[in-house]
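Colleague: Numbering (our numbering), first residue to last: 25 to 617.
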DNA sequence: TGCGGCTATTG
DNA sequence: CACAATAGCCGCAG
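1) Distance check for residue 288 and residue 275, CA to CA, integer angstroms please.
2) Contact check, residue 539 vs residue 510 under 8 Å by CB: the rounded distance?
3) Mind checking whether residue 517 and residue 401 have CB atoms under 8 Å apart?
4) Helix, strand or coil for residue 232, going by three-state DSSP, please let me know.
5) Measure the alpha-carbon distance for residue 253 versus residue 331 and round it to whole angstroms.
6) Counting only the same chain and skipping the five closest in sequence on each side, list residues whose C-beta sits under 6 Å from that of residue 126.
7) Which whole runs of the beta strand (DSSP E) in the region 470–545 are 3 residues long or more, in chain order?
8) Along the chain, where does the beta strand (DSSP E) that runs through residue 354 open and close?
9) Go to residue 389, then tell me how far its beta strand (DSSP E) extends in each direction, as first and last residue.
10) Check residue 78 in the structure and name its three-state DSSP category.
11) In angstroms with no decimal places, state the Cα-to-Cα distance between residue 42 and residue 108.
12) State the start and end residues of the unbroken beta strand (DSSP E) segment that holds residue 54.
13) Can you check which of these residues, 313, 248 and 285, is closest to residue 296 by C-alpha distance?
14) Whole-angstrom Cβ separation of residue 198 and residue 132, contact assumed at under 8 Å?
15) With 16 other CB atoms within 10 Å as the buried threshold, where does residue 407 fall?
16) Terminal residues of the continuous beta strand (DSSP E) containing residue 558?
17) Can you check which of these residues, 31, 284 and 47, is closest to residue 60 by C-alpha distance?
18) Leaving out the 5 sequence neighbours to the left and right, which residues in its chain are closer than 7 Å to residue 100 when beta-carbon positions are compared?
19) Tell me which same chain residues have a C-beta within less than 7 Å of the C-beta of residue 135, skipping the five on either side of it?
20) Would residue 486 be called buried (16 or more neighbouring beta carbons within 10 Å of its own) or exposed?
21) Is residue 54 near residue 185, with beta carbons less than 8 Å apart?
22) Can you check the region 289–325 for any alpha helix (DSSP H) of at least 4 residues that lies completely inside it and give the ranges in chain order?
23) Output the boundary residues of the beta strand (DSSP E) element that contains residue 107.
24) Three or more beta-carbon pairs under 8 Å between the region 518–526 and the region 341–351, yes or no?
25) What number of angstroms, rounded off, separates the C-alpha of residue 535 from the C-alpha of residue 404?
26) Tell me which residue opens and which closes the beta strand (DSSP E) that residue 593 is part of.
27) Return helix, strand or coil for residue 336, following the three-state DSSP convention.
28) Ignore the nearest five residues each way along the sequence and tell me which others in residue 74's own chain have a CB closer than 7 Å to its CB.
29) Note the first and the last residue of the continuous beta strand (DSSP E) segment covering residue 86.
30) Using only alpha-carbon positions, find the residue among 35, 52 and 578 that is nearest to residue 63.
31) Can you grab the Cα-Cα spacing for the pair residue 500 / residue 494, in whole Å?
32) Note down the Cα distance separating residue 556 from residue 325, rounded to an integer number of angstroms.
33) Measuring straight from C-alpha to C-alpha, what distance separates residue 187 and residue 88?
34) Could you pull out every residue in the same chain whose Cβ sits closer than 6 Å to the Cβ of residue 593, ignoring the five residues on either side in sequence?
35) Is DSSP giving residue 150 helix, strand or coil here?
36) With distances taken between CB atoms, is the gap from residue 373 to residue 237 smaller than 8 Å?
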């Protein structure tokens, strides 16, 4: 069968837009497709091109084993609209990070993960035990995948690709049934679809990268640590010079490694400065007591850039095409937030001027306003808190409801969601309980469940595992602090996880609707989107961001009275985005009566 | 060599 | 310095 033959075969068998079509693909071998009733295999030199043909001609929902396939497609420049990602759905259902085919298959088929066969033996034909059949049979008698298939033997031939795609189609059907059966979470299937699209987006961001101006970026590094050293010796010399600037203030005769917090603390003590730790916030209070403190703070800044965000960092991640690349993950962490490696999520703000749109383009940047308390209002169905979301500044609305100032209200709201129980906020927290009992009860229940070791599900249906606390060697009960910490984690997970779900709905809605305008999402930062956009489409994309938010919220929480807001701006570089998310906090917590 | 502690950065 | 994350270096255990 030819590449175009695949499309014809699918059309002949009546596959329509949005229907599940499982895909198995290896760039050097070919591709295979499976519907619920039929399957096809093609030896092809350009399997991604064949996928593109089917995408244009039909536009199915592609069933993928994992985002590995999405990344292969993205590298070939093939963008598909819809997916059902088995690894992604597995993580939602099981609340685990590991989602390799063996585990996904086992869970989808109700097999105990504890009975998973171990890795394939070096000699495929020497395997014994309960294994059976020849190497072309992907499933063992006990129902598990054969380890060598799970490890990649499925790539060996078009016929194996075909069988692999049939298995994917079968696993998807089982997962869809399981998602539909999650009690109290009818939308879990919709969550899995949306999060599968997030996997596509992550693959695209991983491949395409973030536009960054090398000259500007290197200039920022130079501002901290000087010009790029010619060699290792020069780098060591530069390092020694930075160290000396601090050490000249220290007591002579003592050897101090500034990278060791213990030694730094000892050095400060010799100078009459006694601190419990040497964190920057603490040192800043003592800046005027001794010149060494200021020097040390400057050293820390330079050292951070030299080791983490320096020339080596740029060399590793910034490509010749002036795109900065890290690896994106769609649902890392227990609550299911997106993560990125390479420093994309924790890049110091000083580097934002280097994030520059390409010629003829701009960034349309948008961030959600006060998303976590608004999400809390939606998921807990607290009518009073939902009323507060109708105001642009939620904290101001809460403040007038509680009869406190805005800063106090903000601390109280955040404290409620993070599980703060002590401190100045105690009175405001009591007021929170009176004003928003439904939301507070929702948080309390999550906290108690987690503290007791019971699993949680987010609003969208993602399992957050807590498990029974492991038995302790000495048989003593678990420390109270540990139980309390798990409770706070649970309290926050239902809010943070739900906020992640809403944010991701927003992102994939924009990915879908902005494609025709050339809008490319290049950064996701928990509540912020950076969209690389052709100059002439800036205005339409800006308004699209807002309408996508409204639609995403309505699909995520149908009929919710909660209002969600986004601050949208059009900028040439990331740093140009003015931070107008909230009015300044007038009265600091320390000044509260 | 692996891992907990400390520190810094982001939301 | 509550909740989450990535990432680097130190110091210690194995």
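Glycine included, every Cβ here is placed at the ideal spot set by N, Cα and C.
Modeller: So, from the data block:
1) 12 Å
2) The Cβ separation is near 42 Å, so there is no contact.
3) No. Outside cutoff.
4) helix
5) The alpha-carbon atoms of residue 253 and residue 331 are separated by roughly 13 Å.
6) 140, 169 and 174
7) Listed in chain order, nothing qualifies, since the region 470–545 has no complete beta strand (DSSP E) run of 3 or more residues.
8) 352–356
9) 385–392
10) It is helical.
11) 10 Å
12) 54–58
13) 313
14) Taking C-beta atoms under 8 Å as the contact rule, residue 198 and residue 132 qualify, at a distance of about 4 Å.
15) Taking a 10 Å sphere around the C-beta of residue 407, we find fewer than 16 other C-beta atoms and assign the residue as exposed.
16) 552–558
17) 47
18) 72
19) 167 and 168
20) buried
21) yes
22) DSSP runs (the alpha helix (DSSP H)) wholly in the region 289–325: 304–309.
23) 106–109
24) no
25) 29 Å
26) 590–595
27) helix
28) 27, 30, 55, 66 and 68
29) 85–88
30) 35
31) 11 Å
32) 30 Å
33) In a straight line, the C-alpha of residue 187 is about 13 Å away from that of residue 88.
34) 389 and 601
35) With a pLDDT of only 43 at residue 150, under the threshold of 50, the placement of this residue in the model should not be trusted; the figure read from the coordinates follows. If DSSP states are grouped into helix, strand and coil, residue 150 belongs with the helices.
36) no
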